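These notes concern the structure reproduced below.
Following this line, the structure appears as structure tokens:
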């Protein structure tokens, strides 16, 4: 049974998933709910940031490609290790640029991205309104400056991040049902 719905978790093989998007789009909430629905292991990408990345962002300084490289490699390795032992994995990661997604896919060729899309104002309001997170609302603009939405040739689904979480999870699960597992 899933905690969120009281319904049984889905069974079957699903490809590894990254719930992606700019700050405030709901990656953690949607990703953890999707993991429960699929009976998957949830990986919170922010937990893999080194302390220097967190300090940088908390100070209002955006990460650049160099600062993100090791973080992306760590997330990719974590997903690969878990899928190698047979787990279904749902992870979160901003994965803002195509080259970041390609880097994540280098260890996980079946990786699927769920892009939670929303506008700058909604992102800013959400980030401004949340407490206890290292990402200040002053960095929202830098997130949009880096964002390269997935292209048609990527294994990705764009979702409207303003929809209810249950709706997003259902849309994501329907998309994943049609994809080959690991």
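In the numbering used here, the protein residues as written are 153 to 334.
Note that beta-carbon positions come from the ideal geometry of N, C-alpha and C, so glycine has one too.
Just so we're clear, the structure is a prediction, and the values are computed from it rather than from any experiment.
Item	Value
Residue 199 and residue 242 closer than 7 Å at C-beta	no
Burial state of residue 273, where buried means 16 or more other Cβ atoms lie within 10 Å	exposed
For residue 310: DSSP bridge partner residues	267
Start-to-end residues for the alpha helix (DSSP H) that takes in residue 193	Counting along the chain, residue 193 falls outside any alpha helix (DSSP H), though it belongs to the beta strand (DSSP E) covering 193–195.
Validate contact between the segment 306–319 and the segment 204–214 using beta carbons, cut 8 Å, 3 pairs	no
Straight-line gap, residue 318 to residue 312 (C-alpha atoms, nearest Å)	12 Å
Between the CA atoms of residue 178 and residue 189 - distance to the nearest angstrom	16 Å
Buried or exposed (CB count within 10 angstroms, at least 16 for buried), residue 175	buried
Exposure label - residue 258; buried when at least 16 CB within 10 Å	exposed
DSSP three-state assignment for residue 338, whether helix, strand or coil	Only positions 153 to 334 of the chain appear in this structure, which leaves residue 338 out of reach.
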